[in-house]
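Residue numbers (our numbering), protein chains in the order written: chain Z, 30 to 252; chain S, 30 to 252. Where is the CB? At the ideal position from N, CA and C, for every residue including glycine. Since the model is a prediction, treat every value here as computed from it, not as a measurement. See below for the structure under consideration.
Number of protein chains: 2
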Amino acid sequence: MHTYTEENYLKAIYKLSEHSEEEVTTNAIAELLETKSSSVSDMLRKLAEKDLIHYTKYRGVTLTEAGRQVAVRIIRKHRLWEVFLVEKLGLGWEEVHPMAEELEHIDFERLIERLDAFMGYPKRDPHGDPIPSASGEVEMPRSCKLSEMNLATPLLVTGISNHTTAFLQYLDKLDLGLGTKLVIDEIMPFDRSMLVTINQGKQLHLSHEVAKNILAVVSESQR
Amino acid sequence: MHTYTEENYLKAIYKLSEHSEEEVTTNAIAELLETKSSSVSDMLRKLAEKDLIHYTKYRGVTLTEAGRQVAVRIIRKHRLWEVFLVEKLGLGWEEVHPMAEELEHIDFERLIERLDAFMGYPKRDPHGDPIPSASGEVEMPRSCKLSEMNLATPLLVTGISNHTTAFLQYLDKLDLGLGTKLVIDEIMPFDRSMLVTINQGKQLHLSHEVAKNILAVVSESQR
DNA sequence: CTATAAATTTAGACAGGTCTAAAAATAAGT
DNA sequence: ACTTATTTTTAGACCTGTCTAAATTTATAG
Ligand SMILES: [Mn+2]
Ligand SMILES: [Mn+2]
Ligand SMILES: [Mn+2]
Ligand SMILES: [Mn+2]
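So, in structure tokens, the structure goes:
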């Protein structure tokens with residue numbers, strides 16, 4: 030249908046516009062895709078030609094409905110494969126992302142549908158991200174960055190917004206993962222690092238950078 | 030490592046040299062890959078440059094050991110994925126080949142190894158083809174074409190050498206698959222079609238073209 | 001051995017994608 | 001408003017892989 034490259038551009042634009050209403054910039058895409066902005070400019074022209082994006086030169090881009098459908102479908106496949114790799118093949122959540130980056134481009138309706146069924150129609154991937162439905166709906170979870178939450182409130186870790194191997198391995202070492210209960214005990218003003226207690230036990234010291242990449246909700250159990 | 034295209038050429042050369050000692054010709058590759066012979070010539074020059082094939086202009090090609098390793102590894106992945114698609118996802122043997130054509134290019138050592146383990150280290154794919162080992166050994170099954178076997182001998186179907194959807198669906202309709210026991214009752218001299226009895230029951234009429242693509246061995250039970 | 005046919009390779013063009021360097025447009029600073 | 005800095009786009013080149021048409025080599029048939 031589309032080339033792998035086109036798909037990667039559409040996915041990048043989707044991810045960059047996911048959490049804000051602003052137009053996506055050429056440089057932002059170049060940085061995410063580790064390519065040059067001149068290459069991005071070129072590709073934007075082509076994608077606009079195919080009506081996959083709205084593009085005004087020098088002004089940035091947004092996805093058209095057609096472009097959004099393509100992007101969401103890729104993300105659906107990416108996350109379904111990640112569930113498979115972790116749940117069925119027993120691979121670690123820190124190593125599956127690069128594999129899913131390639132598997133996501135394979136496009137057979139029956140394969141996706143069967144994979145979904147085999148996994149029991151999962152709602153979230155191993156990093157806590159929502160799996161878009163076959164019709165392209167994405168449930169936007171209302172979790173917040175740990176770095177923006179309040180002291181002394183029972184919290185539940187529901188997502189990780191940095192999928193690099195290094196970061197996920199670090200969380201493993203800390204014994205911190207999806208479903209971990211935690212309370213912020215103290216926030217250091219000078220570097221915004223924090224002390225937290227996990228699962229009513231061990232106390233950890235998390236840098237602001239780490240806390241920014243952990244998503245949490247206020248724990249149900251206290252309501 | 031290599032591009033998908035290079036991999037497809039190496040696989041094609043492997044398949045064409047699998048059952049004969051002769052050099053593989055440019056035209057044979059072009060036909061298998063549904064491309065033009067001028068494109069093949071070009072690619073052969075590049076593959077020889079990378080020492081993946083032995084190539085003498087106008088004389089045909091053979092794989093080097095390095096080239097063979099690449100080809101066999103692709104085939105290993107192709108067949109492992111086919112087992113997964115049929116055994117775990119419940120897809121039909123007639124529809125998995127195009128999917129495996131794409132999955133075979135995804136190359137992560139740990140993924141292959143885990144997939145192999147998940148499937149219980151299968152020896153054959155859903156079409157009866159042997160799955161190469163991780164170290165590149167391929168057990169060459171000594172089955173023969175049904176079209177070349179003798180009358181009145183108990184036979185066992187062990188492989189299918191045509192993976193097209195149309196052919197496999199036809200076999201499904203005939204109730205003929207891997208593991209089917211059969212005896213050749215009669216061979217019509219004028220068109221070499223044959224009457225066979227399967228599983229000691231139904232009698233079928235198979236064209237020579239069909240019989241050529243069914244692989245069988247003399248059934249153990251009679252020895 | 002020579003003429004023709006078949007197979008193969010080369011030449012030249014093109015499409016998709018990337019890069020560097022240069023030009024153009026927009027944003028920022030005073 | 002004017003000048004400078006930043007962002008973005010264009011120009012020109014290159015790489016991979018494909019094609020058609022033409023040239024070359026090898027095979028086949030008298
Ligand atoms: Mn991922
Ligand atoms: Mn994920
Ligand atoms: Mn196959
Ligand atoms: Mn097969």
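Can you tell me the Cα-Cα spacing of Ala57/Z and His83/S, whole angstroms? For the purposes of this step, residue 57/Z is taken as residue 28 along the first sequence, with counting starting at 1. For the purposes of this step, residue 83/S is taken as residue 54 along the second sequence, with counting starting at 1. Computed Cα separation, rounded: 46 Å.
**Asked** Would the region 102-110 of chain Z and the region 150-163 of chain Z be scored as touching if the rule is three or more Cβ pairs under 8 Å?
**Response** They touch, by the three-pair rule.
*Does any C-beta atom of chain S lie closer than 7 Å to the C-beta of Phe137/Z?*
Along the first sequence, one-based indexing puts residue 137/Z at 108. The beta-carbon of Phe137/Z is placed less than 7 Å from the nearest beta-carbon of chain S.
Next on the checklist: Could you compute how far the alpha carbon of Glu238/Z sits from the alpha carbon of Thr32/Z?
Outcome noted: The residue given as residue 238/Z occupies position 209 in the first sequence. The residue given as residue 32/Z occupies position 3 in the first sequence. Cα to Cα, the separation comes out at about 35 Å.
**Request:** Rounded to whole angstroms, what's the CA-CA distance from Leu76/Z to Ala41/Z? Just pull it up for me.
**Result:** Start at 1 with the first residue of the first sequence, and residue 76/Z comes out as number 47. Start at 1 with the first residue of the first sequence, and residue 41/Z comes out as number 12. In this structure, the CA atom of Leu76/Z is about 13 Å from the CA atom of Ala41/Z.
**Asked** Run through DSSP, which three-state label would Tyr87/S get?
**Response** Taking the first residue of the second sequence as position 1, residue 87/S is located at position 58. Residue state, collapsed to three classes: coil.
- Task: Using three-state DSSP, classify Gln229/S as helix, strand or coil.
- Result: In the second sequence, counting from the first residue as 1, residue 229/S sits at position 200. The three-state secondary structure of Gln229/S, taken from DSSP, is coil.
- Just the C-alpha distance for His156/Z and Gln229/S, rounded to the nearest angstrom, thanks. The count along the first sequence starts at 1 and reaches residue 156/Z at position 127. The count along the second sequence starts at 1 and reaches residue 229/S at position 200. Going from the Cα of His156/Z to the Cα of Gln229/S covers about 55 Å.
Residue closest to Arg88/S, alpha-carbon to alpha-carbon, out of Leu140/S, Val53/S, Cys173/S and Pro183/S: For this step, residue 88/S is matched to residue 59 along the second sequence. With distances taken between Cα atoms, Arg88/S lies closest to Val53/S.
7 Å Cβ cutoff, Arg221/Z in contact with chain S:
Along the first sequence, read from residue 1 onward, the residue named residue 221/Z stands at position 192. Judged by the 7 Å Cβ criterion, Arg221/Z is not in contact with chain S.
Considering only their Cβ atoms, is the gap separating Ile103/Z from Glu36/Z smaller than 7 Å? Position 7 of the first sequence, counted from the start, is the residue given in the question as residue 36/Z. Position 74 of the first sequence, counted from the start, is the residue given in the question as residue 103/Z. By the CB criterion at 7 Å, Glu36/Z and Ile103/Z fall inside the cutoff.
Practice task
Specify the secondary structure class of His107/S as computed by DSSP and reduced to three states.
Solution key: Walking along the second sequence from the start, residue 107/S turns up at place 78. Here His107/S sits in helix by DSSP.
Q) Ordered along the chain, which non-local residues of its own chain (more than five positions away) have a Cβ less than 7 Å from that of Thr187/Z? A) Along the first sequence, read from residue 1 onward, the residue named residue 187/Z stands at position 158. Excluding positions up to five away in sequence, the list reads Gly157, Pro170, Ser172, Leu207, Leu244, Ala245 and Val246.
Requested in this report: Measuring only between beta-carbons, confirm whether Arg143/S sits less than 7 Å from chain Z.
Outcome: Taking the first residue of the second sequence as 1, we reach residue 143/S at position 114. Answer yes: the Cβ-Cβ gap between Arg143/S and chain Z drops below 7 Å somewhere.
Practice task
Assign Asp145/S to buried or exposed, taking buried as 16 or more other Cβ atoms, counted over all protein chains shown, within 10 Å of its Cβ.
Solution key: By 1-based counting over the second sequence, the position of residue 145/S is 116. Around the beta-carbon of Asp145/S, 16 or more other beta-carbon atoms lie within 10 Å, marking it buried.
Quiz item: Under 7 Å, do Asn179/Z and Asn242/Z count as touching if we go by C-beta distance?
Solution: Taking the first residue of the first sequence as position 1, residue 179/Z is located at position 150. Taking the first residue of the first sequence as position 1, residue 242/Z is located at position 213. No, the pair does not count as a contact, with Cβ atoms beyond the cut-off.
**OP:** Determine, using beta carbons only, whether Leu235/S and Met223/S come nearer to each other than 7 Å.
**Re:** Indexing the second sequence from 1 puts residue 235/S at position 206. Indexing the second sequence from 1 puts residue 223/S at position 194. A Cβ-Cβ contact shorter than 7 Å links Leu235/S with Met223/S.
### Query
What's the gap between the Cα of Lys86/S and the Cα of Gly96/S?
For the purposes of this step, residue 86/S is taken as residue 57 along the second sequence, with counting starting at 1. For the purposes of this step, residue 96/S is taken as residue 67 along the second sequence, with counting starting at 1. Distance between the alpha carbons of Lys86/S and Gly96/S: 18 Å.
Notebook entry, point to check: Using a Cβ cut-off of 9 Å, which residues of the region 145-165 of chain Z contact any Cβ in chain S, in chain order?
Noted result: Of all residues in the region 145-165 of chain Z, Ala146 and Phe147 have a Cβ within less than 9 Å of some Cβ in chain S.
Contact with chain S by Met128/Z, beta-carbon distance below 7 Å:
Along the first sequence, read from residue 1 onward, the residue named residue 128/Z stands at position 99. Interface residue, yes.
request  = Give a single yes or no on whether His192/S has its beta carbon closer than 6 Å to a heavy atom of ligand 3.
outcome  = The residue you call residue 192/S lines up with position 163 of the second sequence. A distance criterion of 6 Å places the beta-carbon of His192/S in contact range of ligand 3, judged by its closest non-hydrogen atom.
Verify whether the separation of the beta carbon atoms of Leu39/Z and Ala129/Z is less than 7 Å. Taking the first sequence and counting its residues from 1, one reaches residue 39/Z at position 10. Taking the first sequence and counting its residues from 1, one reaches residue 129/Z at position 100. Not closer than 7 Å, so no.
Leu109/Z versus chain S: which residues are under 7 Å apart at the beta carbon?
Residue 109/Z sits at position 80 when you count from the first residue of the first sequence. For Leu109/Z, none of the residues of chain S pass the 7 Å Cβ criterion, the least Cβ distance being about 12 Å.
| Between the Cα of Asp201/Z and the Cα atoms of Glu123/Z, Lys174/Z and Glu177/Z, which residue gives the shortest distance? | Your numbering for residue 201/Z matches position 172 in the first sequence. Ranking the options by Cα distance to Asp201/Z, first place goes to Glu123/Z.
- Message: Comparing C-alpha positions only, which one of Glu168/Z, Pro183/Z and Asp71/Z sits nearest to His227/Z?
- Response: In the first sequence, residue 227/Z corresponds to position 198, counting from 1. Per the sequence shown, the amino acid found at residue 227/Z is Ile instead of His. Distances from the CA of Ile227/Z to each of Glu168/Z, Pro183/Z and Asp71/Z were compared; the closest alpha carbon is that of Pro183/Z.
Does Glu142/Z come out as helix, strand or coil in the three-state DSSP assignment? Within the first sequence, residue 142/Z is the residue found at index 113, counting from 1. In the structure shown, Glu142/Z sits in a helix (DSSP, three-state: H, G or I).
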